[in-house]
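The block underneath contains the structure these notes are about, expressed in structure tokens.
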DNA sequence: ACACACATGTAATTGGTTACATGATTTC
DNA sequence: GAAATCATGTAACCAATTACATGTGTGT
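Protein chains in written order, with my numbering: chain A, 1 to 184; chain B, 185 to 368.
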């Protein structure tokens, strides 16, 4: 049976740590895979219900007295098997969509200042991203010593850092070229 | 009025070269922006009809005797204005989705050979992509000398090449780490 | 004769976003 | 008392993919 990518994200997140709710899954996404994988609540909550109906995860109310309305989920053996099955099949290439590059590609139709502004935005975003990722690297190492997932998390992190650094280097030379053509 | 991203891709492609059909737009995408922007016929054809109905492009049957059924479109002044307007607004960040990285992130749930296979696939794809982009760079320079779009196209190309090279470098070290952990 | 590239389109479905709706708890 | 965070969900909408359907022209 084919499932949405969101379903596997949820299964994977529950495999790392059981007893997570929709809310904490979203938070976990934000603090880990966010720079290469986005998810919204509107997708997570229905997916949790669907996976529970299919027997891949089980729900139970949280035991906390202070936050009683929280629904926590955990993987069933079937859920874990489903995750492993998915992991083993070749990854699919998600359709690329980079509006920044598209606007740059059509840059000649606008004033040079337009493309320069996009480039500065891009640079700013990537600087912030790099700072976030470097922080995350430090935190991840600190809080997950001995965690068997750590080496995999580090691989995705070093990928993100390398890509971001390369993007920043490129943006410097791109800005030099565009600024030169604009007023040099 | 907000339009789909596909609409702007179409307007942009027609701004570069008028008298293009759905088919040739798709081909142009394949030979230029494909590595950062995907489009399917199922999206392009309806978009052309919609844009024509809105007066942003005009259709006319191709004059070629050999291919009479081809519908060719060109920008109207309104269409060009619409493109410029879009170019001037800040680019939006498309939701990232990288299934390769997601499988790697959850790699600990599968046998090490699974992640190694994904990494090799990734490497192979990036090698092919790099070759394509480098070829494209040569071709673009050769066939577009003096084309005022060239510098913008080159910027997107050098970005793609830099990112791909960085991905390949990373994949080498990632494979070394995983292979070492697997059988070292 | 066959295969491939040219060429255009539609329909069903899915996947996902966004806005909306609600309310408890914690912190200042 | 207000604001922020915790927490869960639904409904409307839209963007896009995929499969389907059809037919011509060209080259081998």
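Where a beta carbon is used, it is the ideal one built from N, C-alpha and C, also for glycine.
Closest by CA to residue 137 of chain A, which one among A:54, A:14 and A:156? A:156
Ordered along the chain, which non-local residues of its own chain (more than five positions away) have a Cβ less than 6 Å from that of residue 352 of chain B? 310
Looking at the strands, I want to know which residues DSSP matches up with residue 259 of chain B. B:241
When we look at the beta-carbon of residue 287 of chain B and count the other beta-carbons within 10 Å, is it buried (16 or more) or exposed? buried
By Cβ distance below 7 Å, which residues in the same chain neighbour residue 69 of chain A in space, the five residues on each side in sequence not counted? none
List the DSSP bridge partners of residue 204 of chain B. B:257
Quick one: give me the first and last residue of the alpha helix (DSSP H) that residue 137 of chain A is part of. 112–143
Within its chain, find whatever has a CB closer than 6 Å to the CB of residue 243 of chain B; leave out the 5 residues flanking it on each side and keep chain order. 236, 255 and 257
Closer than 8 Å by C-beta to residue 196 of chain B: which residues in its own chain qualify, once you throw out the five before and the five after it? Chain order, please. 267
By the three-class DSSP mapping on this structure, what secondary structure does residue 354 of chain B have? helix
Contact list for the segment 192–204 of chain B against chain A, Cβ threshold 9 Å: 192, 193, 195, 196, 197, 199 and 200
Give the residues of chain A in contact with residue 327 of chain B, contact being defined as C-beta atoms less than 9 Å apart. The premise fails here: residue 327 of chain B is roughly 16 Å from chain A at the closest Cβ pair, so nothing lies under 9 Å.
What are the boundary residues of the alpha helix (DSSP H) that residue 290 of chain B is part of? No alpha helix (DSSP H) contains residue 290 of chain B, which DSSP labels as neither H nor E.
By alpha-carbon positions, which one of A:97, A:150, A:95 and A:135 ends up nearest to residue 16 of chain A? A:150
Leaving out five residues before and five after residue 76 of chain A in sequence, what residues of the same chain have Cβ atoms less than 7 Å from its Cβ? 55, 56, 57 and 58
Note down the Cα distance separating residue 119 of chain A from residue 342 of chain B, rounded to an integer number of angstroms. 14 Å
Check residue 279 of chain B in the structure and name its three-state DSSP category. coil
Same chain, Cβ closer than 8 Å to residue 306 of chain B, neighbours up to 5 away in sequence not counted: 284, 351 and 355
Residue 108 of chain A and residue 336 of chain B: beta carbons closer than 8 Å? yes
When you measure from the CB of residue 8 of chain A to every non-hydrogen atom of the ligand NAD, does any distance come out below 7 Å? The ligand NAD is absent from the structure shown, which contains no ligand whatsoever.
Identify, in the order they occur along the chain, each residue of the same chain with its Cβ nearer than 6 Å to the Cβ of residue 319 of chain B, setting aside the five sequence neighbours on each side. none
Beta-carbon spacing of residue 344 of chain B, residue 317 of chain B below 8 Å: yes
Under 7 Å Cβ to Cβ from residue 362 of chain B, same chain only, skipping five residues before and after it: list those, please. 296, 299, 300 and 303
Kindly indicate if chain A contains any beta-carbon less than 8 Å away from that of residue 160 of chain B. The requested residue 160 of chain B does not occur in the structure, where chain B is confined to residues 185 to 368.
Which residues in the same chain as residue 21 of chain A place their Cβ atom closer than 6 Å to its Cβ, once the five residues preceding and following it in sequence are excluded? 70, 71 and 72
Take residue 39 of chain A and list the residues in its own chain whose beta-carbon comes closer than 7 Å to its own, dropping the five residues that flank it on each side. 6, 9, 26 and 29
Given that a residue counts as buried once 16 or more other Cβ atoms are within 10 Å of its Cβ, and exposed if not, what is residue 216 of chain B? buried
Using a Cβ-Cβ distance cut-off of 8 Å, determine whether residue 268 of chain B contacts chain A. yes
How would you call residue 282 of chain B, buried or exposed, if buried means at least 16 neighbouring beta carbons within 10 angstroms? buried
At the 8 Å Cβ level, is residue 188 of chain B part of the contact set with chain A, yes or no? no
8 Å is my cut-off, CB to CB: does residue 313 of chain B come that close to chain A? no
Got a sec: which bits of the segment 271–294 of chain B sit with their beta carbon under 8 Å from any beta carbon on chain A, in order along the chain? 271, 272, 274, 275, 276, 277, 278, 279, 280, 281, 282, 283, 284, 285, 286, 287, 288, 289, 290, 291, 292, 293 and 294
I'd like to know whether the C-beta atoms of residue 280 of chain B and residue 35 of chain A end up nearer to each other than 8 Å. yes
Could you name the residues of the segment 330–347 of chain B whose beta carbon sits closer than 7 Å to any beta carbon of chain A, in the order they occur along the chain? 332, 333, 335, 336, 337, 339, 340, 342, 343, 346 and 347
Flag this pair as yes or no: are the beta carbons of residue 110 of chain A and residue 360 of chain B separated by less than 8 Å? no
C-alpha distance - residue 94 of chain A paired with residue 332 of chain B, whole-angstrom precision: 32 Å
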